[in-house]
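Enquirer:
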Amino acid sequence: MEQELIDLIEACKRDDRKAQHRLYDRFSPFLFSVAVRYTSSRDDAEDVLQDAWVKVFRHIGSFSRHHSFEGWLRRIVVNTAITHYRRNTKHSYHVDVAEVQVTPADLEAAREVDFTRDELDRALAIMPTGYGQVFRMYVIDGFRHQEIADLLGVDVNTSKSQLSRARGYLQRVLASMSRIASKSEDHGVERVG
Amino acid sequence: MEWNAWDEQVRGLYAGEQLAPPVGVEAAVFRRLDRWRWMRRLAAGCAVGAVALGGYVAFPAAEEPVSEQPVAPVLLVSPAAEIAEPAGVQPQENVEAARPEATVQKNSVSPAASAPEVAAEQPVAVGTARRIEPARMDGLDREERLRRSDAEERWVLPASIEVKD
Chain A
1 MEQELIDLIE ACKRDDRKAQ HRLYDRFSPF LFSVAVRYTS SRDDAEDVLQ DAWVKVFRHI
61 GSFSRHHSFE GWLRRIVVNT AITHYRRNTK HSYHVDVAEV QVTPADLEAA REVDFTRDEL
121 DRALAIMPTG YGQVFRMYVI DGFRHQEIAD LLGVDVNTSK SQLSRARGYL QRVLASMSRI
181 ASKSEDHGVE RVG
Chain B
194 MEWNAWDEQV RGLYAGEQLA PPVGVEAAVF RRLDRWRWMR RLAAGCAVGA VALGGYVAFP
254 AAEEPVSEQP VAPVLLVSPA AEIAEPAGVQ PQENVEAARP EATVQKNSVS PAASAPEVAA
314 EQPVAVGTAR RIEPARMDGL DREERLRRSD AEERWVLPAS IEVKD
């Protein structure tokens, strides 16, 4: 960890208001992007960001410099987003029952599908919440299955099976998006011809 | 393509992503922090107040059993009980109602002390001008009574000798 960041964190531990503003300015864009991924609207993401920063400043005294500060912040935001989701939906985390029927051949074919960020976002948006949370935490944010299990309050094996289903679901959706795109391109060529 | 490679491809799409948060969020965060600090200070103040109040309430309560050892019975045993009794009882009630420090000092008087000593020391223990005043009056009375009792002794001793004879 760079010395400047260490000094900034130490100043925040001493409740230095200027240092807190500097820390906020430095990490808020990153944290807001994480919050947006785990919420369904920007308003919710703002609420999550607010709650997360209050938690950060309250508990920064417990942060050890031997760990990744960015990872610590990311964990707080994800945890806050999950809490926010549970509070708003008035139910605890559960495994989504929407089973995805994907054959191995489909998956093999789908793995080769090229996709853009926009397509991935659209696929994630329509994915069942349980799959989506595990997928984002594991694949995008680099959490381990044990961490995911702790944060979501599920078994490690549940986390693994959710991830597997999430991958299959995404592959299928991305493949269908690709097919639709190629068909519309074909139509476009026919029209031109 | 392996899953790890596919995961890497996905992760690469989100790597280094940054989104500027709305302007109002920062102000809201620090407003909440200020409120939290204020609440924390208030809670700390309440805790200190509660401890102080608890100590104030507990201290006399702990001393009460000790103060139940009356000074007045000691005075009654002594020959000068009639003299010391008004001065002994009245300040004791006042002292218990007034201040715990006075009770402690008063109780420090040993039961073995003679009545004149107790009668002379108690007003000092009370520690206020109002309570010293009756003690001085009692002191004057005691001297007169002692003088009278001395006179009685002169008459009584010869009488007992007469009975023996």
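Those sequence lines, one after another, are chains A and B.
180 is the number that the numbering used here gives to position 180 of the first sequence; each next residue is one higher, with no gaps.
245 is the number that the numbering used here gives to position 52 of the second sequence; each next residue is one higher, with no gaps.
Backbone N, C-alpha and C define an ideal beta-carbon position, used for all residues, glycine too.
As the structure is a computational prediction, the values presented were derived from the model and not from experiment.
1) Between which residues of its own chain and A:A45 is the CB-CB distance below 7 Å, once the five residues before and five after are set aside?
2) Report all residues from its chain with a CB closer than 8 Å to the CB of A:I82; omit the five preceding and five following residues, and keep chain order.
3) Can you name, in chain order, every residue of its own chain whose Cβ lies under 8 Å from the Cβ of A:E22, other than the five neighbours on each side?
4) Of all the options A:D141, A:G142, A:S159, which has the alpha carbon lying nearest to the alpha carbon of A:A149?
5) Taking the alpha helix (DSSP H) that A:E4 falls in, what are its first and last residues?
6) When DSSP labels each residue in this structure, what does A:V78 get in the three-state scheme?
7) State the start and end residues of the unbroken alpha helix (DSSP H) segment that holds A:E46.
8) Would you be able to state if there are at least three C-beta pairs under 8 Å between the segment 66-80 of chain A and the segment 240-248 of chain B?
9) Between which two residues does the alpha helix (DSSP H) containing A:H21 stretch?
10) May I have the straight-line CA-CA distance separating B:A318 from B:E337, to the nearest angstrom?
11) Could you tell me the distance, in whole angstroms, from the CA atom of A:V78 to the CA atom of A:R179?
12) By how many angstroms is the C-alpha of B:A208 removed from the C-alpha of A:D47?
13) Would DSSP call B:A213 helix, strand or coil?
14) In whole angstroms, what separates the C-alpha of A:H66 from that of A:Q146?
15) For chain A, check one thing: does any of its Cβ atoms lie closer than 9 Å to the Cβ of B:R234?
16) Excluding the 5 residues preceding and the 5 following A:V173 in the sequence, name in chain order all residues of the same chain whose CB lies nearer than 6 Å to its CB.
17) DSSP state of A:G142, grouped into three classes?
18) Give every residue of the same chain whose Cβ lies closer than 7 Å to the Cβ of A:Y131, excluding the five residues on either side of it in the sequence, and list them in chain order.
Expert: Quick answer:
1) Within the first sequence, residue 45 of chain A is the residue found at index 45, counting from 1. So the list reads F32, A35, V36, T39, once near-sequence residues are dropped.
2) As a first step, residue 82 of chain A is located in the first sequence; it is residue number 82 there, counting from the start. Cβ within range, chain order: Y38, Y93, Q133, L151, L152.
3) Numbered from its first residue, the first sequence carries residue 22 of chain A at position 22. Checking the displayed sequence, the identity of residue 22 of chain A turns out to be Arg instead of Glu. If we look at A:R22 and ignore the five residues flanking it on each side, its Cβ neighbours are L8.
4) What you label residue 149 of chain A is simply residue 149 of the first sequence in a count that begins at 1. Of the candidates A:D141, A:G142, A:S159, the one whose C-alpha sits nearest the C-alpha of A:A149 is A:S159.
5) Counting from 1 along the first sequence, the entry for residue 4 of chain A is found at position 4. First-last of the alpha helix (DSSP H) with A:E4: 3-13.
6) Looking up residue 78 of chain A in the first sequence gives position 78. Secondary structure of A:V78 (DSSP, three-state): helix.
7) Taking the first residue of the first sequence as 1, we reach residue 46 of chain A at position 46. Residues 42-59.
8) no
9) On the first sequence, residue 21 of chain A is found 21 positions in, with the first residue counted as 1. In the DSSP assignment, A:H21 falls within the unbroken alpha helix (DSSP H) covering 17-37.
10) Counting from one through the second sequence, the residue named residue 318 of chain B turns up at place 125. Counting from one through the second sequence, the residue named residue 337 of chain B turns up at place 144. Model confidence at B:A318 stands at a pLDDT of 47, short of 50, so the residue's coordinates are unreliable and nothing is read from them.
11) Residue 78 of chain A sits at position 78 when you count from the first residue of the first sequence. Residue 179 of chain A sits at position 179 when you count from the first residue of the first sequence. Whole-angstrom Cα-Cα distance: 33 Å.
12) Locating residue 47 of chain A in the first sequence gives position 47, counting from the first residue. Locating residue 208 of chain B in the second sequence gives position 15, counting from the first residue. Distance between the alpha carbons of A:D47 and B:A208 is about 23 Å.
13) The sequence position of residue 213 of chain B within the second sequence is 20, counting from 1. Three-state DSSP puts B:A213 in coil, outside helix and strand.
14) Along the first sequence, read from residue 1 onward, the residue named residue 66 of chain A stands at position 66. Along the first sequence, read from residue 1 onward, the residue named residue 146 of chain A stands at position 146. If I take the Cα positions, the gap works out to 20 Å.
15) Within the second sequence, the letter at position 41 stands for residue 234 of chain B. No, B:R234 does not count as interfacial toward chain A.
16) Residue 173 of chain A sits at position 173 when you count from the first residue of the first sequence. The answer, listed in chain order, is A123.
17) Numbered from 1 along the first sequence, position 142 holds the residue referred to as residue 142 of chain A. Residue state, collapsed to three classes: coil.
18) Translated into the one-based positions of the first sequence, residue 131 of chain A becomes position 131. Result list for A:Y131: D96, Q162, R165, A166, Y169, in chain order.
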